[in-house]
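In this note's numbering, the protein residues as written are -3 to 400.
Pasting the structure below:
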(Lines of atoms letter the chains of each structure in order from A and count residues from 1; the text may use other names and numbers.)
(Lines give C-alpha, C1' and ligand atoms only; values in the text may rest on other atoms or scores of the structure.)
Protein backbone atom coordinates (compact mmCIF):
# COMPACT_ATOMS: atom_id res chain seq x y z
CA UNK A 1 0.00 0.00 0.00
CA UNK A 2 1.90 2.98 -1.28
CA UNK A 3 1.61 6.57 -0.15
CA UNK A 4 -1.58 8.29 -1.21
CA UNK A 5 -2.26 11.97 -1.57
CA UNK A 6 -3.19 13.56 1.75
CA UNK A 7 -5.19 16.31 0.10
CA UNK A 8 -8.93 15.67 -0.23
CA UNK A 9 -9.98 14.66 -3.70
CA UNK A 10 -12.10 17.11 -5.64
CA UNK A 11 -15.70 16.04 -5.62
CA UNK A 12 -17.05 15.17 -9.06
CA UNK A 13 -19.65 17.46 -10.53
CA UNK A 14 -22.46 15.04 -11.39
CA UNK A 15 -24.37 15.47 -14.61
CA UNK A 16 -27.75 13.98 -15.42
CA UNK A 17 -26.04 11.22 -17.34
CA UNK A 18 -23.11 10.78 -14.98
CA UNK A 19 -20.34 10.56 -17.64
CA UNK A 20 -18.32 13.50 -16.36
CA UNK A 21 -18.63 12.39 -12.77
CA UNK A 22 -17.63 8.81 -13.57
CA UNK A 23 -14.19 9.92 -14.72
CA UNK A 24 -13.54 11.63 -11.37
CA UNK A 25 -15.20 9.18 -9.01
CA UNK A 26 -13.00 7.60 -6.33
CA UNK A 27 -12.86 3.86 -6.92
CA UNK A 28 -14.69 3.09 -3.68
CA UNK A 29 -17.60 5.37 -4.67
CA UNK A 30 -17.85 3.83 -8.15
CA UNK A 31 -17.95 0.35 -6.63
CA UNK A 32 -20.75 1.39 -4.24
CA UNK A 33 -22.77 2.87 -7.11
CA UNK A 34 -22.27 -0.23 -9.23
CA UNK A 35 -23.12 -2.79 -6.54
CA UNK A 36 -26.97 -2.50 -6.77
CA UNK A 37 -26.93 -3.50 -10.44
CA UNK A 38 -25.68 -6.95 -9.61
CA UNK A 39 -28.07 -7.45 -6.71
CA UNK A 40 -31.04 -7.44 -9.09
CA UNK A 41 -31.37 -11.17 -9.82
CA UNK A 42 -34.77 -11.59 -8.13
CA UNK A 43 -36.35 -8.41 -9.67
CA UNK A 44 -35.01 -9.41 -13.10
CA UNK A 45 -36.44 -12.91 -12.75
CA UNK A 46 -39.75 -11.49 -11.51
CA UNK A 47 -40.00 -9.06 -14.42
CA UNK A 48 -39.14 -11.82 -16.88
CA UNK A 49 -42.01 -13.90 -15.49
CA UNK A 50 -44.34 -10.88 -15.64
CA UNK A 51 -43.42 -10.25 -19.28
CA UNK A 52 -44.08 -13.90 -20.11
CA UNK A 53 -47.45 -13.80 -18.33
CA UNK A 54 -48.56 -10.61 -20.11
CA UNK A 55 -47.27 -11.89 -23.43
CA UNK A 56 -49.10 -15.20 -22.96
CA UNK A 57 -52.35 -13.38 -22.11
CA UNK A 58 -51.96 -11.27 -25.25
CA UNK A 59 -51.25 -14.41 -27.24
CA UNK A 60 -54.35 -16.14 -25.89
CA UNK A 61 -56.57 -13.12 -26.56
CA UNK A 62 -55.06 -12.33 -29.93
CA UNK A 63 -53.17 -15.08 -31.73
CA UNK A 64 -50.07 -13.44 -33.15
CA UNK A 65 -46.77 -14.93 -34.34
CA UNK A 66 -44.76 -11.78 -33.49
CA UNK A 67 -46.07 -11.86 -29.90
CA UNK A 68 -44.94 -15.47 -29.52
CA UNK A 69 -41.51 -14.55 -30.88
CA UNK A 70 -41.24 -11.63 -28.44
CA UNK A 71 -42.17 -13.86 -25.47
CA UNK A 72 -39.48 -16.36 -26.44
CA UNK A 73 -36.89 -13.60 -26.95
CA UNK A 74 -37.79 -12.12 -23.57
CA UNK A 75 -37.17 -15.48 -21.89
CA UNK A 76 -33.75 -15.69 -23.53
CA UNK A 77 -32.83 -12.10 -22.56
CA UNK A 78 -33.91 -12.75 -18.96
CA UNK A 79 -31.70 -15.86 -18.89
CA UNK A 80 -28.78 -13.82 -20.29
CA UNK A 81 -29.24 -11.06 -17.68
CA UNK A 82 -29.27 -13.61 -14.86
CA UNK A 83 -26.22 -15.34 -16.37
CA UNK A 84 -24.34 -12.02 -16.45
CA UNK A 85 -25.05 -11.44 -12.76
CA UNK A 86 -24.00 -14.97 -11.86
CA UNK A 87 -20.79 -14.75 -13.91
CA UNK A 88 -19.98 -11.37 -12.36
CA UNK A 89 -20.14 -12.78 -8.84
CA UNK A 90 -18.18 -15.88 -9.81
CA UNK A 91 -15.46 -13.64 -11.29
CA UNK A 92 -14.97 -11.89 -7.94
CA UNK A 93 -17.74 -9.28 -7.76
CA UNK A 94 -16.65 -5.86 -6.51
CA UNK A 95 -13.16 -7.18 -5.71
CA UNK A 96 -12.29 -7.01 -9.43
CA UNK A 97 -10.29 -4.10 -10.84
CA UNK A 98 -12.04 -1.04 -12.27
CA UNK A 99 -11.57 -1.90 -15.99
CA UNK A 100 -13.13 -5.32 -15.38
CA UNK A 101 -16.04 -3.75 -13.49
CA UNK A 102 -16.66 -1.34 -16.35
CA UNK A 103 -16.82 -4.25 -18.77
CA UNK A 104 -19.38 -5.99 -16.57
CA UNK A 105 -21.39 -2.76 -16.38
CA UNK A 106 -21.39 -2.51 -20.19
CA UNK A 107 -22.67 -6.08 -20.50
CA UNK A 108 -25.39 -5.37 -17.95
CA UNK A 109 -26.35 -2.16 -19.80
CA UNK A 110 -26.64 -3.91 -23.18
CA UNK A 111 -28.81 -6.66 -21.68
CA UNK A 112 -31.04 -4.10 -19.98
CA UNK A 113 -31.42 -2.16 -23.24
CA UNK A 114 -32.39 -5.40 -24.98
CA UNK A 115 -35.08 -5.94 -22.37
CA UNK A 116 -36.32 -2.36 -22.85
CA UNK A 117 -36.46 -2.92 -26.62
CA UNK A 118 -38.60 -6.03 -26.14
CA UNK A 119 -41.04 -4.07 -23.96
CA UNK A 120 -41.36 -1.37 -26.60
CA UNK A 121 -41.77 -3.97 -29.35
CA UNK A 122 -44.58 -5.76 -27.50
CA UNK A 123 -46.41 -2.45 -27.03
CA UNK A 124 -46.01 -1.50 -30.68
CA UNK A 125 -47.33 -4.88 -31.83
CA UNK A 126 -50.23 -4.64 -29.36
CA UNK A 127 -51.36 -1.34 -30.89
CA UNK A 128 -52.94 -3.37 -33.68
CA UNK A 129 -54.90 -5.54 -31.26
CA UNK A 130 -58.64 -4.84 -31.18
CA UNK A 131 -58.90 -5.51 -27.43
CA UNK A 132 -58.19 -2.46 -25.17
CA UNK A 133 -57.30 -4.80 -22.29
CA UNK A 134 -54.39 -6.12 -24.34
CA UNK A 135 -53.08 -2.58 -24.74
CA UNK A 136 -53.57 -1.90 -21.01
CA UNK A 137 -51.61 -5.03 -20.06
CA UNK A 138 -48.64 -4.19 -22.28
CA UNK A 139 -48.48 -0.55 -21.17
CA UNK A 140 -48.33 -1.72 -17.56
CA UNK A 141 -44.97 -3.32 -18.40
CA UNK A 142 -43.57 0.12 -19.27
CA UNK A 143 -44.55 1.57 -15.90
CA UNK A 144 -43.30 -1.49 -14.01
CA UNK A 145 -39.96 -1.46 -15.82
CA UNK A 146 -39.59 2.31 -15.34
CA UNK A 147 -40.34 2.17 -11.62
CA UNK A 148 -37.87 -0.66 -11.11
CA UNK A 149 -35.04 0.90 -13.07
CA UNK A 150 -35.41 4.28 -11.33
CA UNK A 151 -35.63 2.87 -7.82
CA UNK A 152 -32.81 0.32 -8.13
CA UNK A 153 -30.48 1.74 -10.80
CA UNK A 154 -30.47 5.46 -10.01
CA UNK A 155 -26.74 5.22 -9.29
CA UNK A 156 -26.17 4.66 -13.01
CA UNK A 157 -28.14 7.51 -14.62
CA UNK A 158 -26.99 6.72 -18.16
CA UNK A 159 -28.51 3.25 -17.86
CA UNK A 160 -31.78 4.74 -16.57
CA UNK A 161 -31.91 7.27 -19.40
CA UNK A 162 -31.29 4.60 -22.04
CA UNK A 163 -33.90 2.27 -20.54
CA UNK A 164 -36.56 4.96 -20.32
CA UNK A 165 -35.82 6.30 -23.79
CA UNK A 166 -35.96 2.90 -25.47
CA UNK A 167 -39.23 1.90 -23.79
CA UNK A 168 -41.11 5.19 -23.93
CA UNK A 169 -40.11 7.15 -27.05
CA UNK A 170 -40.92 4.49 -29.70
CA UNK A 171 -44.20 3.58 -27.99
CA UNK A 172 -45.27 7.23 -27.67
CA UNK A 173 -44.48 7.89 -31.34
CA UNK A 174 -46.31 4.70 -32.27
CA UNK A 175 -49.37 5.86 -30.33
CA UNK A 176 -49.34 9.23 -32.11
CA UNK A 177 -49.09 7.54 -35.50
CA UNK A 178 -51.84 5.11 -34.52
CA UNK A 179 -54.04 8.04 -33.44
CA UNK A 180 -53.69 9.73 -36.81
CA UNK A 181 -54.61 6.49 -38.59
CA UNK A 182 -57.83 5.95 -36.65
CA UNK A 183 -58.64 9.63 -36.53
CA UNK A 184 -57.11 12.14 -34.15
CA UNK A 185 -60.51 13.75 -33.49
CA UNK A 186 -62.17 10.52 -32.42
CA UNK A 187 -62.40 9.61 -28.74
CA UNK A 188 -60.08 6.65 -29.26
CA UNK A 189 -57.58 8.77 -31.17
CA UNK A 190 -57.59 11.45 -28.49
CA UNK A 191 -57.10 8.74 -25.85
CA UNK A 192 -53.96 7.50 -27.62
CA UNK A 193 -52.62 11.06 -27.97
CA UNK A 194 -53.22 11.69 -24.26
CA UNK A 195 -51.56 8.40 -23.34
CA UNK A 196 -48.52 9.20 -25.51
CA UNK A 197 -48.13 12.57 -23.77
CA UNK A 198 -48.60 10.90 -20.38
CA UNK A 199 -45.84 8.39 -21.08
CA UNK A 200 -43.43 11.15 -22.12
CA UNK A 201 -44.24 13.25 -19.06
CA UNK A 202 -43.82 10.30 -16.69
CA UNK A 203 -40.50 9.43 -18.37
CA UNK A 204 -39.28 13.02 -17.98
CA UNK A 205 -40.30 13.02 -14.30
CA UNK A 206 -38.51 9.70 -13.81
CA UNK A 207 -35.30 11.06 -15.34
CA UNK A 208 -35.53 14.10 -13.07
CA UNK A 209 -35.96 11.75 -10.08
CA UNK A 210 -32.89 9.82 -11.22
CA UNK A 211 -30.92 13.06 -11.40
CA UNK A 212 -31.91 13.94 -7.83
CA UNK A 213 -31.27 10.44 -6.48
CA UNK A 214 -27.89 10.27 -8.22
CA UNK A 215 -26.79 13.62 -6.76
CA UNK A 216 -27.89 12.51 -3.29
CA UNK A 217 -26.19 9.11 -3.56
CA UNK A 218 -23.01 10.68 -4.93
CA UNK A 219 -22.87 13.22 -2.11
CA UNK A 220 -23.47 10.56 0.53
CA UNK A 221 -20.96 8.05 -0.83
CA UNK A 222 -18.28 10.68 -1.49
CA UNK A 223 -18.66 11.98 2.06
CA UNK A 224 -18.44 8.44 3.42
CA UNK A 225 -15.34 7.85 1.30
CA UNK A 226 -13.69 11.07 2.49
CA UNK A 227 -14.46 10.32 6.14
CA UNK A 228 -13.07 6.82 5.67
CA UNK A 229 -9.82 8.32 4.36
CA UNK A 230 -9.61 10.76 7.25
CA UNK A 231 -10.10 7.92 9.70
CA UNK A 232 -7.42 5.70 8.15
CA UNK A 233 -4.75 7.93 6.64
CA UNK A 234 -2.25 10.36 8.10
CA UNK A 235 -3.28 13.86 6.92
CA UNK A 236 0.30 15.10 6.50
CA UNK A 237 1.99 12.28 4.60
CA UNK A 238 -0.99 10.36 3.21
CA UNK A 239 0.40 7.16 4.73
CA UNK A 240 -1.71 4.70 6.68
CA UNK A 241 -2.34 5.64 10.31
CA UNK A 242 -2.45 3.27 13.28
CA UNK A 243 -6.01 2.16 12.53
CA UNK A 244 -5.30 1.18 8.93
CA UNK A 245 -1.99 -0.46 9.89
CA UNK A 246 -3.87 -2.55 12.45
CA UNK A 247 -6.58 -3.50 9.93
CA UNK A 248 -4.00 -4.40 7.29
CA UNK A 249 -2.02 -6.53 9.72
CA UNK A 250 -5.15 -8.40 10.78
CA UNK A 251 -5.97 -9.25 7.16
CA UNK A 252 -2.42 -10.39 6.47
CA UNK A 253 -2.24 -12.39 9.71
CA UNK A 254 -5.16 -14.56 8.62
CA UNK A 255 -2.87 -16.29 6.09
CA UNK A 256 0.34 -15.90 8.06
CA UNK A 257 2.46 -19.03 8.61
CA UNK A 258 6.07 -19.89 9.36
CA UNK A 259 7.06 -19.98 5.65
CA UNK A 260 5.06 -16.82 4.83
CA UNK A 261 5.98 -14.43 7.64
CA UNK A 262 5.13 -10.78 8.14
CA UNK A 263 8.04 -8.49 8.96
CA UNK A 264 7.16 -5.46 11.09
CA UNK A 265 9.76 -2.71 10.50
CA UNK A 266 9.70 -0.02 13.17
CA UNK A 267 11.54 3.12 11.92
CA UNK A 268 12.73 6.24 13.66
CA UNK A 269 14.54 9.12 11.96
CA UNK A 270 18.01 9.96 13.28
CA UNK A 271 18.67 13.69 13.47
CA UNK A 272 15.14 14.80 12.70
CA UNK A 273 14.61 16.55 16.06
CA UNK A 274 17.62 18.79 15.50
CA UNK A 275 16.32 19.85 12.07
CA UNK A 276 12.84 20.43 13.46
CA UNK A 277 14.22 22.58 16.29
CA UNK A 278 16.57 24.55 14.01
CA UNK A 279 14.30 25.21 11.01
CA UNK A 280 10.84 24.97 12.56
CA UNK A 281 7.89 22.61 12.24
CA UNK A 282 6.84 23.66 8.69
CA UNK A 283 10.24 22.58 7.36
CA UNK A 284 10.07 19.45 9.48
CA UNK A 285 6.69 18.62 7.98
CA UNK A 286 8.03 19.04 4.45
CA UNK A 287 10.91 16.75 5.33
CA UNK A 288 8.49 14.12 6.61
CA UNK A 289 6.57 14.29 3.32
CA UNK A 290 9.80 13.61 1.42
CA UNK A 291 10.57 10.72 3.76
CA UNK A 292 7.13 9.24 3.07
CA UNK A 293 7.73 9.51 -0.68
CA UNK A 294 11.09 7.72 -0.39
CA UNK A 295 9.52 4.98 1.71
CA UNK A 296 6.90 4.48 -0.97
CA UNK A 297 9.62 4.10 -3.59
CA UNK A 298 11.55 1.60 -1.46
CA UNK A 299 8.81 -0.96 -0.76
CA UNK A 300 6.71 -3.34 -2.87
CA UNK A 301 3.14 -2.69 -3.91
CA UNK A 302 1.66 -5.03 -1.30
CA UNK A 303 3.73 -3.66 1.59
CA UNK A 304 1.97 -1.30 3.98
CA UNK A 305 3.61 1.92 5.16
CA UNK A 306 2.23 3.71 8.20
CA UNK A 307 3.11 6.77 10.22
CA UNK A 308 2.67 6.16 13.92
CA UNK A 309 3.31 9.77 14.93
CA UNK A 310 6.15 12.31 14.94
CA UNK A 311 9.07 10.80 13.04
CA UNK A 312 8.12 7.18 13.73
CA UNK A 313 7.05 4.95 10.84
CA UNK A 314 6.15 1.29 10.39
CA UNK A 315 6.34 -0.97 7.35
CA UNK A 316 4.44 -4.25 7.15
CA UNK A 317 6.23 -6.63 4.78
CA UNK A 318 4.16 -9.76 4.08
CA UNK A 319 5.32 -12.92 2.33
CA UNK A 320 8.75 -13.07 4.02
CA UNK A 321 10.33 -16.49 3.52
CA UNK A 322 13.48 -15.79 5.54
CA UNK A 323 14.67 -13.08 7.91
CA UNK A 324 17.31 -12.05 5.36
CA UNK A 325 14.53 -10.68 3.13
CA UNK A 326 13.36 -8.40 5.93
CA UNK A 327 16.90 -7.25 6.63
CA UNK A 328 17.47 -6.54 2.94
CA UNK A 329 14.40 -4.26 2.82
CA UNK A 330 15.42 -2.53 6.06
CA UNK A 331 18.90 -1.77 4.73
CA UNK A 332 17.41 -0.48 1.46
CA UNK A 333 15.14 1.84 3.46
CA UNK A 334 18.05 3.08 5.57
CA UNK A 335 20.13 3.72 2.46
CA UNK A 336 17.40 5.71 0.69
CA UNK A 337 16.37 7.72 3.73
CA UNK A 338 20.01 8.56 4.50
CA UNK A 339 20.55 10.37 1.20
CA UNK A 340 20.61 14.15 1.52
CA UNK A 341 17.42 16.25 1.37
CA UNK A 342 17.02 19.74 -0.06
CA UNK A 343 14.36 22.13 1.24
CA UNK A 344 14.38 25.81 0.26
CA UNK A 345 17.92 25.49 -1.13
CA UNK A 346 19.12 24.09 2.19
CA UNK A 347 20.68 20.66 2.20
CA UNK A 348 19.80 18.50 5.17
CA UNK A 349 21.00 15.12 6.33
CA UNK A 350 19.20 12.52 8.40
CA UNK A 351 19.30 8.75 8.66
CA UNK A 352 16.99 6.04 9.97
CA UNK A 353 17.25 3.28 12.53
CA UNK A 354 15.12 0.14 12.18
CA UNK A 355 13.90 -2.57 14.53
CA UNK A 356 12.24 -5.68 13.11
CA UNK A 357 9.88 -8.28 14.56
CA UNK A 358 8.46 -11.23 12.67
CA UNK A 359 5.01 -12.77 12.79
CA UNK A 360 4.35 -15.54 13.70
CA UNK A 361 7.93 -16.10 15.01
CA UNK A 362 7.45 -13.42 17.64
CA UNK A 363 3.71 -13.92 17.96
CA UNK A 364 0.60 -12.55 16.27
CA UNK A 365 -0.32 -9.81 18.74
CA UNK A 366 0.37 -6.59 16.85
CA UNK A 367 0.84 -4.51 20.01
CA UNK A 368 3.45 -6.94 21.31
CA UNK A 369 5.13 -7.14 17.91
CA UNK A 370 5.39 -3.34 17.79
CA UNK A 371 6.80 -3.25 21.32
CA UNK A 372 9.36 -5.88 20.41
CA UNK A 373 10.32 -4.06 17.21
CA UNK A 374 10.56 -0.80 19.18
CA UNK A 375 12.97 -2.46 21.62
CA UNK A 376 15.07 -3.65 18.67
CA UNK A 377 14.96 -0.09 17.26
CA UNK A 378 16.29 1.23 20.58
CA UNK A 379 19.23 -1.17 20.32
CA UNK A 380 19.92 0.10 16.79
CA UNK A 381 20.09 3.68 18.03
CA UNK A 382 22.36 2.76 20.95
CA UNK A 383 24.80 1.05 18.59
CA UNK A 384 25.45 4.01 16.33
CA UNK A 385 22.16 4.73 14.51
CA UNK A 386 21.43 3.88 10.84
CA UNK A 387 21.41 0.29 12.03
CA UNK A 388 18.94 -2.59 11.88
CA UNK A 389 18.28 -5.13 14.64
CA UNK A 390 15.78 -7.94 15.07
CA UNK A 391 13.48 -8.56 18.00
CA UNK A 392 15.00 -10.97 20.53
CA UNK A 393 11.76 -11.95 22.32
CA UNK A 394 10.19 -15.10 20.78
CA UNK A 395 6.90 -14.48 22.67
CA UNK A 396 5.67 -18.10 22.26
CA UNK A 397 2.54 -17.49 24.32
CA UNK A 398 1.26 -15.00 21.73
CA UNK A 399 1.42 -17.35 18.77
CA UNK A 400 -1.86 -18.31 17.22
CA UNK A 401 -3.59 -15.14 18.39
CA UNK A 402 -4.10 -12.12 16.18
CA UNK A 403 -5.26 -8.85 17.70
CA UNK A 404 -6.96 -6.46 15.32
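We put the beta carbon where it would ideally sit given N, CA and C, even for glycine.
Using a C-beta cut-off of 8 angstroms, the region 240 to 255 makes contact with the region 311 to 329, since at least three inter-stretch Cβ pairs fall below that distance.
Shown here, residue 72 sits in a helix according to DSSP, grouped into three states.
Within the region 153 to 234, the complete alpha helix (DSSP H) runs of at least 4 residues fall at 153 to 178 and 183 to 228.
Under the three-state reduction of DSSP, residue 314 is assigned to strand. In this structure, residue 319 and residue 350 do not form a Cβ contact; the two beta carbons are roughly 13 angstroms apart against a cut-off of 8 angstroms. Residue 119 places its beta carbon 8 angstroms or farther from that of residue 145. Boundaries of the beta strand (DSSP E) around residue 386: 384 to 386. Closest option to residue 346, judged by alpha-carbon separation, among 264, 151, 209 and 358: 264. Contact holds between the region 123 to 137 and the region 51 to 64, because three or more Cβ pairs, one in each stretch, are under 8 angstroms apart. About 6 angstroms separates the beta carbons of residue 134 and residue 50, which is inside the 8 angstroms limit, making them a contact pair. Look at the beta carbons and you see the region 290 to 297 not touching the region 218 to 231: under three pairs across the two are nearer than 8 angstroms. Cβ neighbours of residue 174 within its own chain (closer than 7 angstroms, five residues either side excluded): 123 and 188.
Beta-carbon to beta-carbon, residue 371 and residue 266 are separated by about 17 angstroms, too far to satisfy the 8 angstroms threshold.
With respect to the 8 angstroms criterion, residue 384 and residue 330 are classified as neighbours on the basis of their beta carbons. Membership of residue 346 in any beta strand (DSSP E) is not indicated, and neither H nor E is assigned to it by DSSP. Taken through DSSP and simplified to helix, strand or coil, residue 61 comes out as helix. The alpha helix (DSSP H) runs lying completely inside the region 245 to 329 and spanning 4 residues or more are 268 to 275 and 277 to 294, given in chain order. As the crow flies, the alpha-carbon of residue 83 is around 30 angstroms from that of residue 212.
Residue 199 sits buried, since 16 or more C-beta atoms from the chains shown fall within 10 Å of its C-beta. Between the C-alpha atoms of residue 72 and residue 181 there is a straight-line separation of about 41 angstroms. By the beta-carbon neighbour count (other beta carbons within 10 angstroms, threshold 16), residue 380 is exposed. CA-CA distance, residue 77 to residue 220, rounds to 31 angstroms. Looking at 149, 160 and 362, the one whose alpha-carbon comes closest to that of residue 197 is 160. Of the other Cβ atoms in all chains shown, fewer than 16 fall within 10 Å of the Cβ of residue 193; this residue is therefore exposed. Residue environment for residue 152: buried (at least 16 other C-beta atoms within 10 angstroms of its C-beta). Residue 74 and residue 38 have their C-alpha atoms roughly 11 angstroms apart. In the structure shown, the three-state DSSP call for residue 353 is strand. Taking C-beta atoms as the reference points, residue 336 and residue 387 fail to come closer than 8 angstroms. Partner residues in the beta bridge of residue 337, as assigned by DSSP, are 344. Taken through DSSP and simplified to helix, strand or coil, residue 96 comes out as helix. When secondary structure is reduced to three states using DSSP, residue 87 falls in the coil class, being assigned neither helix nor strand.
In this structure, residue 291 sits near residue 301, with a CB-CB distance shorter than 8 angstroms. Apart from sequence neighbours up to five positions away, the residues of its chain that approach residue 202 with a beta-carbon distance below 7 angstroms are 142, 146 and 160, ordered along the chain. Distance from residue 33 to residue 101 at the Cβ level is roughly 7 angstroms; contact confirmed, criterion being Cβ atoms closer than 8 angstroms. In this structure, the beta-carbon distance from residue 150 to residue 209 falls below 8 angstroms. Apart from the 5 residues on each side of it in sequence, residue 69 sits with its Cβ closer than 8 angstroms to the Cβ of 114 in its chain, given in chain order.
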